[in-house]
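Everything in the sequence shown is counted per the working numbering, starting at 449 for the first residue and increasing by one.
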Amino acid sequence: MEKTLQELFNLIANNEVQQTLQKLQSIFSLADSELFNDAILLSARFKKLNSDVRKAIISNENETIRYNEIVHGILSLINEIKDNPKPFEKYDKVEEKVQQDAKEKTNVEWPVFAKDALVQRLSYIKQKEVSIKGLWIDDHPGNQAYEKELLSTIGVKFDTVLNSEQAWYQINHNEYDLIISDINRNGDPKAGLELLNKTVHNGLNIPFIFFAANINPALGTPPYAFGITNLIGDLLHLVMDVIERKN
449 MEKTLQELFN LIANNEVQQT LQKLQSIFSL ADSELFNDAI LLSARFKKLN
499 SDVRKAIISN ENETIRYNEI VHGILSLINE IKDNPKPFEK YDKVEEKVQQ
549 DAKEKTNVEW PVFAKDALVQ RLSYIKQKEV SIKGLWIDDH PGNQAYEKEL
599 LSTIGVKFDT VLNSEQAWYQ INHNEYDLII SDINRNGDPK AGLELLNKTV
649 HNGLNIPFIF FAANINPALG TPPYAFGITN LIGDLLHLVM DVIERKN
């Protein structure tokens, strides 16, 4: 957490109070920490302070006092992380995993604002306490252990199958809110596409996301698919798009 702690201290040193609070909310939310409520309260107090300043209904002296109280509260929260970082490491793990994945597959690093936006959105969705049931089809299911674990923290639970036959059985015996599938499976380069077409032709309107190791961006998104990507960060955004449309 050293890098994240330094970012927090830098933000507050530069008087970036709202950005600091947003980052703290994301950290505490992903950690299921009760400190999340403290960060929310400080954010509300800061917004009220700004409102009072705009309305010119507060003296300069009181403005300084209230501002310093908020900053003191923020520093106390940061020190909670500093004194016991272990419970809050999920935040760093998300950023690290997304960055590593993008670097390996595109040789391009995700900018800081993109990583922050992703984690803030995960935190926001998590607070909705949704319950989403998904089906994940992949002949190498162990490769997505981290993605499934992370998505479970925002309310998405998956049934996992290895091939289209198993998938079709599950689709006909369960109700799913989304499907995630590879494309090339068990030696068949169109296995995922054929399953998508089968669901469409049978009148099943289930958001279908392709998550494949190798994709050709020039081909765009396959017809009827909700989205396609090979990047963890993009996959998370696509799943959250499904969640927000459903809720």
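No residue lacks a Cβ here, since even glycine has one placed at the ideal position from N, Cα and C.
- Excluding five sequence positions before and after residue 595, the CB atoms of its chain that fall closer than 7 Å to its own CB belong to 680 and 683, given in chain order.
- Excluding its 5 nearest sequence neighbours in each direction, residue 579 has C-beta neighbours in its own chain below 7 Å: 603, listed in chain order.
- In the DSSP assignment, residue 605 forms a beta bridge with 581.
- Listed in chain order, the alpha helix (DSSP H) runs fully inside the region 553-597 are 560-576, counting runs of at least 4 residues.
- A Cβ-Cβ separation of about 27 Å leaves residue 625 out of contact with residue 553 under the 8 Å criterion.
- DSSP places residue 635 outside both helix and strand once states are collapsed to three, so it counts as coil.
- Judged by DSSP secondary structure, residue 681 falls within the alpha helix (DSSP H) whose first and last residues are 680-694.
- When 686, 620, 450 and 519 are compared, the shortest CA-CA separation from residue 462 is found for 519.
- Each residue's CA atom was taken as its position, placing residue 613 and residue 646 some 11 Å apart.
- Of the residues assessed, residue 609 falls on the buried side of the cut-off, its CB having 16 or more other CB atoms within 10 angstroms.
- Every alpha helix (DSSP H) of 4 residues or more that sits fully in the region 453-498 is shown, in chain order, as 465-478.
- For the pair residue 481 and residue 528, the Cα-to-Cα distance works out to about 11 Å.
- Distance from the CA of residue 636 to the CA of residue 541, rounded to the nearest whole angstrom, comes to 34 Å.
- Per DSSP, reduced to three states, the secondary structure at residue 677 is strand.
- Judged by DSSP secondary structure, residue 523 falls within the alpha helix (DSSP H) whose first and last residues are 508-531.
- Note on residue 571: 16 or more other CB atoms within 10 angstroms of its CB, so buried under the neighbour-count rule.
- Residue 658 is bridged by DSSP to 629 and 676.
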